[in-house]
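In the working numbering, the protein residues as written are 242 to 523. C-beta: ideal position from N, C-alpha, C; glycine also.
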Ligand SMILES: NC(=O)c1ccc[n+]([C@@H]2O[C@H](COP(=O)([O-])OP(=O)(O)OC[C@H]3O[C@@H](n4cnc5c(N)ncnc54)[C@H](O)[C@@H]3O)[C@@H](O)[C@H]2O)c1
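So, in structure tokens, the structure goes:
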């Protein structure tokens, strides 16, 4: 898609970080906004910033949990009833948890896969038929460098993001088979400054049981926090690169160039059938 004026952007995780910046980028292009997030106050702050930067932007918010299909379907119904459809679908909400895989709890798995994996799956399921019927639209799934490179202490997150890459590739091929005029982009950034390292703030009470942090886990969590806070590319730039990718109908987006080099090194290590590839010490 290239002409975004008066079109509709649906953004999950629109109450913080990358989702907020995507909202600002879409508003700058004259789009209407449909924001979905568990954090209503965060979405209101996004709308305040949007209204300051781009007064007159039409918007609606819905407090929802993306891990629940019926709630994502309600979001699609809201977009249709309020704005007549939806054009750019950003399946972006995400959370992270740390700890060795054998210690991760059932709640850790349910929570992170619920948001990061099922959130994307339900977004695709709820919105794709609308886009096919309109014969226009683009689905943007936020994966991660962790969709390609598996660092320690992030097993559940790595699984979720690897799955998002897999789903995105398959979706693009299925849409091609269906001859649908619907694009797909998969966004694969490395660390950048947002609230992702404080994901616990939105963790539901009924999925609270988690790993008791060992010394190693605490060190890994501190390193993750540092990497996120010191990420060199701001979320605003990543959002802008993403919109440009949609305009160019580009499928893969790697905002951090080094990631592609590491993926090649991983493929070479696999080709040599050696010990496990460590992207932190390639
Ligand atoms: N920041 C990074 O370093 C980084 C790197 C690679 C990928 N990502 C991905 O970027 C995406 C955006 O995250 P971010 O970095 O902006 O973090 P963030 O914490 O700033 O924003 C995530 C948003 O998702 C919302 N959210 C959490 N659970 C939800 C649920 N169940 N339903 C609906 N909304 C929910 C949060 O309230 C928050 O507004 C995520 O998918 C994340 O995995 C982030």
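Sorry if obvious, but does the Cβ on residue 280 come closer than 7 Å to a heavy atom of ligand 1? yes
Practice task
Measure the Cβ-Cβ separation of residue 286 and residue 476 and say whether it is below 8 Å.
Solution key: no
| field | Distance, residue 359 Cα to residue 414 Cα | value | 20 Å
Self-check item: Own chain, CB closer than 6 Å to residue 272, minus 5 neighbours either side, in chain order
Solution: 245, 248 and 250
Regarding residue 433 and ligand 1, is the C-beta to nearest heavy atom distance less than 7 Å? yes
- Query: What are the start and end residues of the beta strand (DSSP E) that includes residue 250?
  - Reply: 249–253
* Would you say the beta carbon of residue 293 comes nearer than 7 Å to a heavy atom of ligand 1? -> no
Q | Strand pairing of residue 331, partner residues [DSSP] | A | 252 and 381
Alpha helix (DSSP H) runs wholly inside the stretch 453–483, at least 4 long, in chain order: 456–470
Exercise for review: Identify the continuous beta strand (DSSP E) that holds residue 278 and give its terminal residues.
Suggested key: 273–278
* What are the start and end residues of each continuous alpha helix (DSSP H) run of 4 or more residues lying completely inside the stretch 391–459, in chain order? -> 396–418
Checklist line | Option in 266, 270 and 313 with minimal Cα separation from residue 277 | finding: 313
- Task: Find out if the Cβ-Cβ distance for the pair residue 487, residue 330 is shorter than 8 Å.
- Result: no
Quick check: is any heavy atom of ligand 1 less than 7 Å from the C-beta of residue 440? yes
task: Return the Cβ separation of residue 242 and residue 328 in integer angstroms, given the expectation that the two are a contact with Cβ distance under 8 Å.
output: 7 Å
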